[in-house]
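Residue numbers (the numbering used here): 29 to 191.
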């Protein structure tokens, strides 16, 4: 889960270029750029100019919102309308793997067994598909690439933070 202040969120940008092997980059979004994302829904396409700060913006890129989470780590779910937190009964899908793990003592050692019974459903908390003030992390994927490579724009930022 990404933590941050009010009015700030972390965008995880997934590079869909096959040459990059699906590398993901973390970028902070705050200020006016944060307000540009409020009200957008999962599946919406946003301009890359709003992602990043200063020279690190992704101008020329088109990005699609694929998911995210709120300040408590609760995932956003595409099929729930609005931005409120809801408790729903789900089968194996987004936010629930659909199996239960049991440890049994076999031959003097604890072994881990994974059971996947038919019809297993659980009640889980989810946020709606709309980005609001409580959203702290947004997942984005590249739909249309800009002139500069994503690794060239965002790699210099990660090198500065590692020094």
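Built from N, CA and C at the ideal position, the CB exists for glycine as well.
Euclidean distance between Cα positions of residue i and residue j
i	j	result
residue 160	residue 80	18 Å
residue 170	residue 42	6 Å
residue 172	residue 76	10 Å
residue 46	residue 126	31 Å
Which listed residue (the options) has its alpha carbon closest to that of residue i
i	options	result
residue 98	151, 69 and 165	165
residue 111	56, 87 and 154	154
residue 131	36, 181, 143 and 91	143
residue 128	141, 47, 136 and 137	141
residue 106	69, 100 and 86	69
residue 182	49, 53 and 58	53
residue 123	90, 134 and 150	150
residue 103	175, 158 and 148	158
residue 113	156, 147, 96 and 59	156
residue 90	139, 134, 50 and 78	78
Element boundaries [alpha helix (DSSP H), containing residue i]
i	result
residue 63	60-65
Cβ-Cβ distance between residue i and residue j below 8 Å
i	j	result
residue 65	residue 73	no
residue 62	residue 86	no
residue 92	residue 168	yes
Segment limits, beta strand (DSSP E) that includes residue i
i	result
residue 176	It is not in any beta strand (DSSP E) - residue 176 carries neither H nor E in the DSSP assignment.
residue 171	163-172
Handout entry: Inside the segment 90-144 only - beta strand (DSSP E) runs reaching at least 3 residues
Key = Qualifying beta strand (DSSP E) stretches, in chain order: 90-98, 113-118, 128-134 and 137-143.
Practice task
Tell me the start and end of each unbroken alpha helix (DSSP H) in the segment 36-85 that is at least 4 residues and wholly inside, in chain order.
Solution key: Runs of the alpha helix (DSSP H) lying entirely within the segment 36-85 and spanning at least 4 residues, in chain order: 60-65.
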